[in-house]
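Report on the following structure.
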Amino acid sequence: QKEVEQDPGPLSVPEGAIVSLNCTYSNSAFQYFMWYRQYSRKGPELLMYTYSSGNKEDGRFTAQVDKSSKYISLFIRDSQPSDSATYLCATVTGDKIIFGKGTRLHILP
Amino acid sequence: EAGVTQFPSHSVIEKGQTVTLRCDPISGHDNLYWYRRVMGKEIKFLLHFVKESKQDESGMPNNRFLAERTGGTYSTLKVQPAELEDSGVYFCASTRDRGTEAFFGQGTRLTVV
Numbered sequence: 007q008k009e010v011e012q013d014p015g016p017l018s019v020p021e022g023a024i025v026s027l028n029c030t031y032s033n034s035a036f037q038y039f040m041w042y043r044q045y046s047r048k049g050p051e052l053l054m055y056t057y058s059s060g061n062k063e064d065g066r067f068t069a070q071v072d073k074s075s076k077y078i079s080l081f082i083r084d085s086q087p088s089d090s091a092t093y094l095c096a097t098v099t100g101d102k103i104i105f106g107k108g109t110r111l112h113i114l115p
Numbered sequence: 085e086a087g088v089t090q091f092p093s094h095s096v097i098e099k100g101q102t103v104t105l106r107c108d109p110i111s112g113h114d115n116l117y118w119y120r121r122v123m124g125k126e127i128k129f130l131l132h133f134v135k136e137s138k139q140d141e142s143g144m145p146n147n148r149f150l151a152e153r154t155g156g157t158y159s160t161l162k163v164q165p166a167e168l169e170d171s172g173v174y175f176c177a178s179t180r181d182r183g184t185e186a187f188f189g190q191g192t193r194l195t196v197v
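For the record, the sequence lines run as chains Y and S. The first sequence maps to residues 7 to 115 in this note's numbering. The second sequence maps to residues 85 to 197 in this note's numbering.
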C-alpha cells in the first residue's frame, strides 16, 4: 500500500467553479500534511500545510485533514485559469517529504 | 534572494555514460535534499545533506549514484554508468533548518537513451 494515494487526473473544471482535490494516506502516525503546487517545467512550491486534523484557510484555498479517515483535501474557490497546475499532497516523516502522484488540474476559461 | 538553482535543466545521454547534476541551494540553507520523479510515479526522496555531511541516503537507488556536497555549499549528483531506468526529473530542495519549509529547484530532466 502506498503511503500517500492521489488520483492523477486530469481534472478539468470551468473558471469560477469550486475545485476539490483529495488524497488518502496509510500511516496514522503522520501529523503534518502539505499541498504543493507545481507548474509545468517548475519545481513544487508549498501552497499550504496543516498539522493534525482540522481546516486551514488561506484566501481562496482551504486545506482539510480528517485523521479518522486518513483523508486530506484541498478546496479552491472561484477557480482561475492561473490555478491550472499539478497539485501534490504530501506528508513528512523525519526529514523526508512523502508525495502523492499529483493531480493535474485544468481551469477552463 | 535567489532560489534553488539546478544545472542543467535537461540532459540527454546514452546508456552507459556518466552524468553529473548540480544543485545550488539558497544561501545559508544548511539542509539540502535530492528527490527524483520517474515517469508515472511519485516524487521520491533520495538523500539529505546537513552541510557537507550525508544525514540520510536511504533513498539512493544503488551504488551507481554518488552525491557530494563538498564545503557544504552546492551539491552534485553523479550517475555512473547511467541506465535507462534512471530517466526522470531530479529535484533539489533546501531548507534553512530541519522541519522548515523546503524550497525546490526547477529540476533536471534526465533522459537516458
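Cβ atoms here follow ideal geometry from the backbone N, Cα and C, with glycine treated the same way.
Straight-line Cα distance separating residue j from residue i
| i | j | result |
| --- | --- | --- |
| Y/V10 | S/T89 | 28 Å |
| Y/P87 | Y/S26 | 15 Å |
| S/L130 | S/E98 | 22 Å |
| S/P145 | S/Y174 | 13 Å |
| Y/A96 | Y/K62 | 15 Å |
| S/G191 | S/N115 | 17 Å |
| Y/Q7 | Y/R43 | 24 Å |
| Y/W41 | S/T157 | 28 Å |
| S/E227 | Y/C29 | Residue 227 of chain S is absent from the model: chain S starts at 85 and stops at 197. |
| Y/S46 | S/K138 | 30 Å |
| Y/I24 | S/D108 | 38 Å |
| S/S95 | S/R193 | 6 Å |
| S/D181 | S/S111 | 12 Å |
| S/Y119 | Y/G22 | 34 Å |
Residue of the options minimising C-alpha distance to residue i
| i | options | result |
| --- | --- | --- |
| Y/Q12 | Y/Y77, Y/I24, Y/G65 | Y/Y77 |
| Y/P115 | Y/C95, Y/S85, Y/K107 | Y/S85 |
| S/P165 | S/Q101, S/P92, S/S95 | S/Q101 |
| Y/S59 | Y/D89, Y/L52, Y/A69 | Y/A69 |
| S/V134 | S/N147, S/F149, S/R148, S/Y117 | S/Y117 |
| S/T154 | S/R148, S/G87, S/H113, S/E136 | S/E136 |
Residue i beta carbon near the ligand PLP (any heavy atom closer than 6 Å)
| i | result |
| --- | --- |
| S/D114 | No copy of the ligand PLP appears in this structure; indeed no ligand is present at all. |
- prompt: What residues in the stretch 91-105 of chain Y bring their beta carbon closer than 9 Å to a beta carbon of chain S?
  reply: Contact annotation: in the stretch 91-105 of chain Y, residues whose CB is within less than 9 Å of a CB in chain S are L94, A96, V98, G100, D101, K102, I103, I104, F105.
field: the stretch 167-175 of chain S in contact with the stretch 98-115 of chain Y per 3-pair CB rule at 8 Å
entry: no
- prompt: Does the stretch 102-118 of chain S come within contact of the stretch 147-166 of chain S, defined as at least 3 CB pairs closer than 8 Å?
  reply: Proximity of the stretch 102-118 of chain S to the stretch 147-166 of chain S meets the contact definition, three or more beta-carbon pairs being nearer than 8 Å.
Contact list for the stretch 136-147 of chain S against chain Y, Cβ threshold 9 Å: Q139, D140, S142, G143
query: Can you give, in chain order, each stretch of the beta strand (DSSP E) that sits fully within the stretch 119-190 of chain S and has at least 3 residues?
result: 127-134, 137-140, 149-152, 159-163, 172-179
- request: Let me know the beta strand (DSSP E) ranges lying completely inside the stretch 65-112 of chain Y, each 3 residues or longer, listed in chain order.
  value: 67-72, 77-82, 91-99, 102-105
message: Does the contact criterion of 3 or more C-beta pairs under 8 Å hold for the stretch 15-33 of chain Y versus the stretch 105-114 of chain Y?
response: yes
field: Residues in the stretch 50-84 of chain Y having any Cβ partner in chain S nearer than 9 Å
entry: P50, E51, L52, Y55
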